[in-house]
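The block underneath contains the structure these notes are about, expressed in structure tokens.
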Amino acid sequence: MKKKRFILFVAIIILITFTTQNMAQEDTDLQSQIQKFQSGSHQFMVTGYALTNFIKPQNEPSQFETGFNPIFLYKANDRLFFEAEIELEIEDGEQNITLEYAQILYTLNDYLIFGAGKFLNPANYFIERLHPGWINKLPTMPMFVGHHGGMQAAQHLGFQLRGGTPIKGSKIEYAFFMSMGPTLDLHDGFIDFKNYEDNNNNKGIGLKFGFLPIPELTIGYAFENATVGEENTQFENVSATTHVVDFSYAKDISGLKGTIDLKAQVVWLNIDNPNIAPLTFDNNSNGGYAQIAFRPGNVDNDFFKNLEFVYRYDWTDKPDDAPENELVKRSTIGINYWLSSSSLFKFAYENKDTIVPGGSTTNEHRFVGQIAFGF
Amino acid sequence: MKFIKKYMVNLILGLGFFAVLTIVGCASTTNIVDRSGAQLWGENCARCHNIRPPQSLTDAQWEVAGMHMRTRANLSGIVTRKIIDFLKTAN
Chain X
1 MKKKRFILFV AIIILITFTT QNMAQEDTDL QSQIQKFQSG SHQFMVTGYA LTNFIKPQNE
61 PSQFETGFNP IFLYKANDRL FFEAEIELEI EDGEQNITLE YAQILYTLND YLIFGAGKFL
121 NPANYFIERL HPGWINKLPT MPMFVGHHGG MQAAQHLGFQ LRGGTPIKGS KIEYAFFMSM
181 GPTLDLHDGF IDFKNYEDNN NNKGIGLKFG FLPIPELTIG YAFENATVGE ENTQFENVSA
241 TTHVVDFSYA KDISGLKGTI DLKAQVVWLN IDNPNIAPLT FDNNSNGGYA QIAFRPGNVD
301 NDFFKNLEFV YRYDWTDKPD DAPENELVKR STIGINYWLS SSSLFKFAYE NKDTIVPGGS
361 TTNEHRFVGQ IAFGF
Chain E
1 MKFIKKYMVN LILGLGFFAV LTIVGCASTT NIVDRSGAQL WGENCARCHN IRPPQSLTDA
61 QWEVAGMHMR TRANLSGIVT RKIIDFLKTA N
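Quick mapping for you: the protein sequence lines, in order, are chains X and E.
Each step along the first sequence adds one to the number in the numbering used here, with nothing skipped, and position 310 is 310.
Each step along the second sequence adds one to the number in the numbering used here, with nothing skipped, and position 88 is 88.
Rendered as structure tokens:
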């Protein structure tokens, strides 16, 4: 009996020892696999932002809207990189899924990066730098941004070369891009920037130049040109040219115990007049915005240091003789409350005047609330 | 008249633009490449958004986010590397 117990005891000890050794071996294998993964050059990351709006127009039912924009980043090595953003939103009573951008980037040298795919328009400072919900200081975007009837493209499908070079204490930025270019809408003379199938062999080109004489200040100029008329039609030579000026100034001012942030962008869009019905008018539009924000982030009071006050004026001015000729001017005043460095509540009140031919003015105003979260 | 007025406005805006550049350009301080990673982090990130604390991402994530922001903000290679090195040190 004692012998049997002894054999059983030894067997258990051997089993435990063997299992523990196996587990330790598996543990080591797992750790080495994790270490191998961690020390690998391939790195993947998901970031992005989310937001929810509450909108109360003047004479219409109030609405909720929501959106979620995951951003996928993949670094293969120090030169090769991929980035993509998908927008999922419920807006204007519809659910939309949009590929905001997806591009492969290759770093040529310290001062030049090549990118190909769908990318944010380098000539559109607001869209490229400021549009994410947790960065945009108001719940809405300036009106000149829009796929149809807007003044400037939000994205391009093509390739770009871009970079920045320090010059002593200042810096220059540059970007050149070639893309499908927008298309001409013969009904109203506007151009459609959402061009996934080109109507001619001409490709749009653009150039962006920025100068930062001091770190707080950016002054930019951009130019875009594309043939927008359809090939083998009377409009095949119609082209559109855009000139853009942008301005950015953000500085912590100790005397004001806070940060002042100024932003502005003006766009001039000139489309050739072919003098063929229905496009028999000078098709020149302009639009833009100017914005000032102040956050008293250096005051002692915990509540007031998280507040931010914002004012934006934006407008779009369509051609005088166009079928949909109108001048729209909007003023928006907003108060934000920051919950963290990348999440905030926004409360904004808009007042919009639409002036149509003959001088009659329509006034609309609405309240927009938003919670935005960048992660 | 409208044509002349438009180009006069553009001319004045253009001259003002170059005047501002000349004045502030002369006042430029330390060479950018000589600045510390911490200073470059504050200057470049705060231009568009609130700066995120170094602890908010891991070292590996800062490497990826840094490459993303390099493209978006047209940062040069040396500036990007200095910012990432600072964030990893402060993390």
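The C-beta atom is built at its ideal place from N, Cα and C for all residues, glycine as well.
Computed from a predicted model, the values in this text were never measured in an experiment.
Check, Outcome
"Can you pull the chain X neighbours of I78(E), defined as C-beta to C-beta under 9 Å?", "D110, P166"
"Determine which residues of the stretch 44 to 76 of chain X have a Cβ less than 9 Å from any Cβ of chain E, and write them out in chain order.", "F44, M45, T47, I71, L73, Y74, K75"
"Compute the distance between the beta-carbons of L161(X) and G115(X), then report whether it is under 9 Å.", "yes"
"Distance, Cα to Cα, E173(X) vs Y311(X)?", "28 Å"
"Given that Q55(E) touches chain X, what residues does it touch there, using C-beta distances under 9 Å?", "Within 9 Å Cβ-Cβ: nothing; Q55(E) doesn't reach chain X, min ~11 Å."
"Between the C-alpha atoms of S285(X) and N31(E), what's the straight-line distance to the nearest angstrom?", "41 Å"
"Taking 8 Å as the cut-off, does the CB of S331(X) come closer than this to any heavy atom belonging to the ligand MG?", "For the structure depicted, the ligand MG is absent and the ligand set is empty, with no information on it obtainable."
"Suppose contacts are defined by Cβ-Cβ distances below 9 Å. Is L269(X) in contact with Q152(X) by that definition?", "yes"
"Closest by CA to K137(X), which one among D320(X), A322(X), E326(X), F309(X)?", "F309(X)"
"Based on DSSP bridge pairs, tell me the residues matched to R295(X).", "T259(X)"
"Is it a yes or a no for the stretch 87 to 98 of chain X touching the stretch 107 to 114 of chain X, going by three-plus beta-carbon pairs under 8 Å?", "no"
"With 9 Å as the threshold, decide whether the Cβ of K171(X) is near any Cβ in chain E.", "yes"
"What are the boundary residues of the beta strand (DSSP E) that includes R70(E)?", "R70(E) -> not in any beta strand (DSSP E); alpha helix (DSSP H) instead, spanning 59 to 72."
"Report the residue from H68(E), R52(E), S76(E) whose alpha carbon sits nearest the alpha carbon of V46(X).", "H68(E)"
"Tell me, which residues are paired with K309(X) by DSSP?", "What sits at residue 309(X) in the sequence shown is Phe, not Lys. Answer is F294(X), I335(X), bridged to F309(X)."
"Suppose the cutoff is 8 Å on Cβ atoms and the five residues either side in sequence are ignored; what does the same chain contact list for T58(E) look like?", "N91"
"So Q58(X) is in the alpha helix (DSSP H); what residue range does that whole segment cover?", "No alpha helix (DSSP H) holds Q58(X); DSSP gives it neither H nor E."
"Among G42(E), W41(E), N50(E), V33(E), whose alpha-carbon lies nearest the alpha-carbon of G297(X)?", "N50(E)"
"What distance in whole Å lies between the Cβ atoms of I371(X) and T107(X), which are believed to be in contact at a cut-off of 8 Å?", "Incorrect: roughly 36 Å between the Cβ atoms, too far for contact."
"List the whole-angstrom C-beta distance separating F82(X) from G150(X), where the pair is believed to meet the contact cut-off of C-beta under 8 Å.", "Not quite, the Cβ-Cβ distance comes to about 28 Å (not below 8 Å), so this is no contact."
"Using a C-beta to C-beta distance shorter than 8 Å, which residues of chain X count as neighbours of N74(E)?", "R162, G163, G164, E173, Y174, A175, G210"
"From F247(X), S62(X), K257(X), pick the residue whose C-alpha is nearest to that of L217(X); which is it?", "F247(X)"
"When the Cα atoms are used, what is the spatial distance from N121(X) to Q155(X)?", "5 Å"
"For D169(X), which of helix, strand or coil comes out of DSSP?", "Looking at the sequence shown, residue 169(X) is not Asp but Gly. Of the three classes helix, strand and coil, the one that applies to G169(X) here is coil, per DSSP."
"Could you give the first and the last residue of the continuous alpha helix (DSSP H) run that contains Q39(E)?", "37 to 45"
"Rounded to whole angstroms, what's the CA-CA distance from A322(X) to I205(X)? Just pull it up for me.", "26 Å"
"What does DSSP give as the partner residue(s) for L377(X) in the beta ladder?", "Limits of chain X in this structure are 1 at one end and 375 at the other, which puts residue 377(X) out of reach."
"Suppose contacts are defined by Cβ-Cβ distances below 9 Å. Is T140(X) in contact with A277(X) by that definition?", "no"
"State yes or no: is the beta carbon of N91(E) nearer than 9 Å to at least one beta carbon in chain X?", "no"
"Taking only three categories from DSSP, how would you classify P70(X)?", "strand"
"Between the C-alpha atoms of G146(X) and L99(X), what's the straight-line distance to the nearest angstrom?", "16 Å"
"Throw me the rounded Cβ distance for the N283(X) and G189(X) pair, which I believe falls under 8 Å.", "5 Å"
"Using CA atoms only, rank isn't needed, just tell me which of V228(X), V368(X), E324(X) is closest to N336(X).", "V368(X)"
"I need the straight-line Cα distance from T20(X) to F119(X), nearest angstrom please.", "For T20(X), the predicted structure reports a pLDDT of 49, less than 50, and the residue's modelled location is therefore unreliable. The matter cannot be settled from this model."
"Who are the Cβ neighbours of A250(X) in its own chain at under 8 Å, not counting the five residues just before and after it?", "E216, T259, I260, D261, L262"
"Just to confirm, is the Cβ distance from E89(X) to P70(X) under 9 Å?", "no"
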